[in-house]
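Engineer:
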Amino acid sequence: MSPFNLDGKHVAITGASSGFGHHFAGVLAGAGAAVSLGARRVEKVQARADEITASGGKALGAALDVTDKASAEKFFAAAEAALGPVDVLINNAGIEAGAKTYMMIDEDDWHSVIDTNLKSAWLMSKLYTERVVANKLSGGNIINVSSITDTRTIKGQFPYAVSKGGLTRMTEVLALEAPRYGIRVNALAPGYILTDVSRVLLESEMAPEFMKGIPLRRFGEFEDLDGPLLLLASDASAYMNGSVVVVDGGHICASL
Ligand code: NAI
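Here the sequence shown is numbered in my numbering, starting from 424 and rising by one per residue.
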């Protein structure tokens, strides 16, 4: 059997109504996982879950606002009721504030980006850990979707880059604290791939020049994340804890 096989695993993905989360659902289901998809736009995650179910997989789409504790609790309860205890949590939901510097953002920008990208990962991880303990699960697994902006960024990505710096650090601190509950924690740190989060930059005039900074001379594609995702979600990474898997065509090896 492939070391990346996910038969019998239940993976919960936040922010799965579009972009990476929507794509990840299909990749994980294709490897055998049951998937619970959470997002505020419930009709979108339900439609994605229906597609997966129609092609023979097991999937649930449920409402989830990662900034709201009551909503997160309901999401875990629905996921567990439908597909059993969650084995793997993917903290994927994220937003950016537009091309803004620290002088341009206001408090609403700060709160929405930090709450969605950073606070939510702590909150979801805490609620997940409570369930791992209550269900006496072993082999818990959290994957945080960080970004290469956690370490290298360009002007105008405030507070997004701040939140991702915090998320990578949170991954490392959780990796220290979560193993006592039988949970390991890693991060996936993609480079630039066209979605709603990166559209402002990748569809701007500076995109061609920006691409020259990537040694592989292209922006990423969703499929570039498939192998690293399956590695982190499966038992193939059983001894990985606190790792940040960078998938960026070598972008951070150059100066951004
Ligand atoms: P996206 O905008 O398509 O996906 C983000 C998802 O999060 C959306 O489905 C959105 O509805 C959801 N979301 C936002 N706020 C939420 C909330 N309060 N509760 C529940 N769901 C919420 O963009 P993308 O690119 O797929 O983003 C996924 C993750 O990947 C984000 O964390 C992003 O920061 C990260 N990322 C993206 C990169 C890129 O180049 N696209 C590069 C590196 C990281």
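By construction, the Cβ of each residue, glycine as well, lies at the ideal position given by its N, Cα and C atoms.
Using the three-state DSSP reduction, which class does residue 602 fall into: helix, strand or coil?
Structural biologist: Within the sequence shown, the letter at position 179 stands for residue 602. Reduced to three states, the DSSP call for residue 602 is helix.
Engineer: Cβ of residue 583 within 8 Å of Cβ of residue 572?
Structural biologist: Numbered from its first residue, the sequence shown carries residue 583 at position 160. Numbered from its first residue, the sequence shown carries residue 572 at position 149. For residue 583 and residue 572, yes; Cβs fall inside 8 Å.
Engineer: Return the chain-ordered ranges of every alpha helix (DSSP H) run that is complete within the segment 426–467 and spans a minimum of 4 residues.
Structural biologist: Counting only runs of 4 or more, we get 442–453.
Engineer: If you drop the 5 nearest sequence neighbours on each side, which residues of the same chain put their C-beta closer than 7 Å to that of residue 495?
Structural biologist: On the sequence shown, residue 495 is found 72 positions in, with the first residue counted as 1. Cβ neighbours of residue 495 beyond the five flanking positions: 487, 489, 546, 547 and 550.
Engineer: Can you check which of these residues, 514, 453, 441 and 439, is closest to residue 431 by C-alpha distance?
Structural biologist: Locating residue 431 in the sequence shown gives position 8, counting from the first residue. Checking every option, the nearest Cα to that of residue 431 belongs to 453.
Engineer: Could you tell me which residues DSSP pairs with residue 511 in its beta bridges?
Structural biologist: Position 88 of the sequence shown, counting from 1, holds the residue named residue 511. Residue 511 is bridged to 434 and 564.
Engineer: At the level of alpha carbons, what is the spacing between residue 654 and residue 639?
Structural biologist: Position 231 of the sequence shown, counted from the start, is the residue given in the question as residue 654. Position 216 of the sequence shown, counted from the start, is the residue given in the question as residue 639. Each residue's Cα considered, the two are about 22 Å apart.
Engineer: In chain order, what residues of the same chain lie with their CB nearer than 7 Å to the CB of residue 517, ignoring the 5 residues before and after it?
Structural biologist: Your numbering for residue 517 matches position 94 in the sequence shown. 438, 539, 540, 568 and 620.
Engineer: Does the Cβ-Cβ distance between residue 608 and residue 558 come in under 8 Å?
Structural biologist: The sequence position of residue 608 within the sequence shown is 185, counting from 1. The sequence position of residue 558 within the sequence shown is 135, counting from 1. It is not a contact, given that the beta carbons lie outside the stated cut-off.
Engineer: With DSSP run on the structure shown, which of helix, strand or coil describes residue 641?
Structural biologist: Translated into positions along the sequence shown, residue 641 becomes position 218. Of the three classes helix, strand and coil, the one that applies to residue 641 here is coil, per DSSP.
Engineer: Can you tell me which of 586, 498 and 662 puts its alpha carbon nearest to the alpha carbon of residue 570?
Structural biologist: Locating residue 570 in the sequence shown gives position 147, where the first residue counts as 1. Closest by alpha carbon: 586.
Engineer: Let me make sure I understand the geometry here. Which of 468, 670 and 460 has the alpha-carbon closest to that of residue 512?
Structural biologist: Position 89 of the sequence shown, counting from 1, holds the residue named residue 512. The option with the nearest alpha carbon to residue 512 is 460.
Engineer: Run the CB neighbour count on residue 473, radius 10 Å, all protein chains shown included, and call it buried at 16 or more, exposed below.
Structural biologist: For this step, residue 473 is matched to residue 50 along the sequence shown. It counts as exposed.
Engineer: For residue 556, report the span of its alpha helix (DSSP H) as first-last.
Structural biologist: Counted from its first residue, the sequence shown places residue 556 at position 133. Counting along the chain, the alpha helix (DSSP H) containing residue 556 begins and ends at 543–557.
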